[in-house]
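Student:
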Amino acid sequence: MAHLPYTVTRRPAELAVHRRTHLHVVRPAVAPRPTLEEELLARLDTWMAHHPTSASIVAGGSVVALMFLAAYAVVVSSI
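Just so we're aligned: -9 in our numbering is position 4 of the sequence shown, and the numbers increase by one with no gaps anywhere.
1. Could you check the C-alpha separation between Met(-12) and Ser65 for me, to the nearest Å?
2. Whole angstroms are fine: how far does the CA of Met35 sit from the CA of Glu25?
3. Under three-state DSSP, which class holds His37?
4. How big is the Cα-Cα spacing for Val50 and Pro19?
5. Taking the straight line between their C-alpha atoms, what separation do you get for Leu67 and Tyr59?
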């Protein structure tokens, strides 16, 4: 599967406007400024594309941490 950056999937270049039976394509004059979240996710995307092995290690560590927190919650709730 091809890697698509977050900004490509989240920011459409054209907006379709339906008016009764006609379809008008509206192109924004100026692209809206990306939000902080979009900017950070775009940087993360770039980093993951350049460092796939490190990205896999970080993702695996996140999964292990999530499993630990779930197990900890079960143990604490049973006490």
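Cβ atoms here follow ideal geometry from the backbone N, Cα and C, with glycine treated the same way.
Tutor: Walking through what the data contain:
1. At Met(-12), the pLDDT of 48 sits below 50, so the modelled position is not reliable; the number obtained from the coordinates is stated separately. If you take the alpha carbons of Met(-12) and Ser65, they lie about 43 Å apart.
2. 15 Å
3. helix
4. 35 Å
5. For residue 67 there is no data in the structure shown, the boundaries of the chain being -12 and 66.
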